[in-house]
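What follows is a short report on a single structure.
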Amino acid sequence: MEQQQQQVSQEVVQQYNKLKMEYSELLRTSMDIEEEKRENQLVIETIKNLETERRCWRLVGGVLVERTLGEVLNSLKENVESFEKTGVNFSTALKNKEKQLLDFENTHNLRPNRDNFGKKDDGTKKNTGVLA
Numbered sequence: 028m029e030q031q032q033q034q035v036s037q038e039v040v041q042q043y044n045k046l047k048m049e050y051s052e053l054l055r056t057s058m059d060i061e062e063e064k065r066e067n068q069l070v071i072e073t074i075k076n077l078e079t080e081r082r083c084w085r086l087v088g089g090v091l092v093e094r095t096l097g098e099v100l101n102s103l104k105e106n107v108e109s110f111e112k113t114g115v116n117f118s119t120a121l122k123n124k125e126k127q128l129l130d131f132e133n134t135h136n137l138r139p140n141r142d143n144f145g146k147k148d149d150g151t152k153k154n155t156g157v158l159a
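This is how it looks when you write it as structure tokens:
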């Protein structure tokens with residue numbers, strides 16, 4: 028009986044860890060998408076006031092391709108729009124996974140360690156300083 032209980036609790040922990048990993052993956056991917064979007068926006072801001080017929084080179088799939096600035100600018104704007112749409116999709120998936128994770132915690136009475144927020148200081152820390 029006790030062995031079955033241990034096995035069930037191990038399965039619950041494994042499922043919980045799997046959910047946490049999936050959540051972490053979604054979060055990391057979402058952050059990567061946001062970073063790519065910011066980088067593209069930065070490039071757009073940098074080149075938007077230049078002549079549109081100016082030659083420029085863009086790295087596409089590891090190959091430098093010569094194009095006009097206007098073509099590159101349009102392509103970058105399309106990329107930003109695509110990143111925004113993808114970001115919204117990942118944000119929704121992230122919220123759903125977070126809800127699923129919280130529901131799982133509540134269903135199985137799990138109390139995960141939450142980054143030590145809200146814990147009171149027990150007074151054992153001593154004041155230290157640095158003299159310069």
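Using our numbering, you'd call the opening residue of the sequence shown number 28 and step up by one each time. We put the CB at the ideal spot given by N, CA and C, even for glycine.
With which residues is residue i paired in a DSSP beta bridge?
i, result
"E93", "W84"
State the Cα-Cα distance for the pair residue i and residue j, rounded to the nearest angstrom.
i, j, result
"D59", "T79", "29 Å"
"R55", "T73", "27 Å"
"E93", "K45", "45 Å"
"L77", "L96", "8 Å"
"W84", "R138", "53 Å"
"E108", "V70", "14 Å"
"E38", "Q127", "17 Å"
"G145", "S118", "In this predicted model, G145 has a pLDDT of only 43, less than 50, meaning its place in the structure is not dependable enough to derive any value."
Considering just the uninterrupted stretch of the alpha helix (DSSP H) at residue i, what are its terminal residues?
i, result
"E63", "E29 to I74"
So does residue i have its beta carbon nearer than 7 Å to some heavy atom of the ligand ATP?
i, result
"R85", "Only the bare structure without any ligand can be found here, which leaves the ligand ATP out of the picture."
Among the options, which residue has its Cα nearest to the Cα of residue i?
i, options, result
"E105", "V87, N67, L128 and V90", "N67"
"E125", "S51, L86, L103 and V39", "S51"
"R81", "F131, E63, L100 and V87", "L100"
"E49", "N140, N123, V87 and T134", "N123"
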